[in-house]
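Numbering (our numbering), first residue to last: 36 to 300. Written below as structure tokens is the structure these notes are about.
Okay, structure coming up:
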């Protein structure tokens, strides 16, 4: 059966080619697992784990997990890259990454979701901002100040869309950006209010550079963070361990989030 279709601008996989490509990736990953298990028997495991993360989570969420991983597998090389949620999920589905952290990605048959964490949306602003002392804040209250929005390529833009659509008054949008770090920096300068989850703000909150206030919506607005591996893949021992550590860390963060939500209510 033909694997490629010749087009004026190059080659395209046929349906049979796509099936064959998925099979090849599975075979190569199984071969990698075999080699790693044999190395582990010799006490000389030196594998590599490729993680695709979303911007803003590497320092606060991924770094502590890598620290624990080094204690278990000191010779494992970690390769961490940032991408959008859809890019991260696609990298795993295509076999270009071992693990993906993605917000609300479409769950296709090529992916297996290992964990799903739900984190409430909120506003980030300077600690001395008039709204920073509130237990919760509505979008209407935020609309009285300059706003920082995420551009459409970020998942939070779609999660905030229903909230924004309900507001009938005027809005002053100071900035629209795909950079989480830029949004945090502008908010820290006191120039506007940005929207995201508490994840990735740990150091800024601890150092007093930013404050996080839950966004009051009905129903409560959440962002879903998933951990994905490739469907049908047998995980390497080190990858299985790393995924477990990441799941435990996300679970701990969810529990902390729930406690904070209870205090607010």
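Heads up, the beta-carbon is just placed ideally off N, CA and C, and yes, glycines get one too. Given the structure is predicted, the values throughout are model-derived calculations rather than measurements.
Straight-line spacing of the CA atoms in residue 273 and residue 58 works out to 23 Å. Between the C-alpha atoms of residue 175 and residue 230 there is a straight-line separation of about 13 Å.
DSSP places residue 113 within a strand segment (E or B) once states are collapsed to three.
Burial is judged here by how many other beta carbons sit within 10 angstroms of a residue's own beta carbon; residue 36 has fewer than 16 and is exposed. According to the DSSP assignment, residue 104 belongs to the alpha helix (DSSP H) that extends over 98-107. Nearest C-alpha to residue 98 among 194, 179, 83, 237: 237. Excluding the 5 residues flanking it on each side, residue 39 has same chain C-beta neighbours closer than 8 Å at 46, 47, 48, 49, 52, in chain order. Rounded to whole angstroms, residue 198 and residue 106 show a C-alpha spacing of 44 Å. When secondary structure is reduced to three states using DSSP, residue 42 falls in the strand class. In the three-state reduction of the DSSP assignment, residue 272 falls in the helix class, which pools H, G and I.
Counted as a single uninterrupted DSSP element, the alpha helix (DSSP H) harbouring residue 241 occupies residues 237-241. Within the region 172-259, the runs of alpha helix (DSSP H) at least 4 residues long that lie entirely inside it are, in chain order, 174-177, 190-200, 215-223, 237-241.
A residue is called buried when at least 16 other Cβ atoms come within 10 angstroms of its Cβ; residue 288 meets this threshold and is buried.
Distance from the CA atom of residue 93 to the CA atom of residue 144, rounded to whole angstroms, is 27 Å.
Membership of residue 127 in any beta strand (DSSP E) is not indicated; the residue belongs instead to the alpha helix (DSSP H) covering 120-128.
Listed in chain order, the non-local C-beta contacts of residue 147 below 6 Å within the same chain comprise 264, 266, local neighbours out to five positions each way being set aside. Here the region 277-287 does not lie against the region 200-217, with fewer than 3 beta-carbon pairs under 8 Å apart. Separation of residue 102 and residue 281 (C-alpha to C-alpha, rounded to the nearest whole angstrom) is 11 Å. Residue range 134-138 is occupied by the beta strand (DSSP E) that includes residue 135. Look at residue 62 here: in three-state DSSP terms it is helix.
Sequence-distant partners of residue 218 (beyond 5 residues in either direction) whose C-beta falls short of 6 Å from its own C-beta, in its chain, are 183, 212, 229.
The DSSP-derived three-state label of residue 85 is strand. Classified as exposed, residue 186 has fewer than 16 neighbouring CB atoms from the shown chains inside 10 Å of its CB.
If you look at residue 149, you'll find it in the beta strand (DSSP E) that goes 146-155. Rounded to the nearest angstrom, the Cβ distance from residue 261 to residue 190 is 11 Å, too far for a contact under 8 Å.
Beta-bridge partners assigned by DSSP to residue 261: 137, 151.
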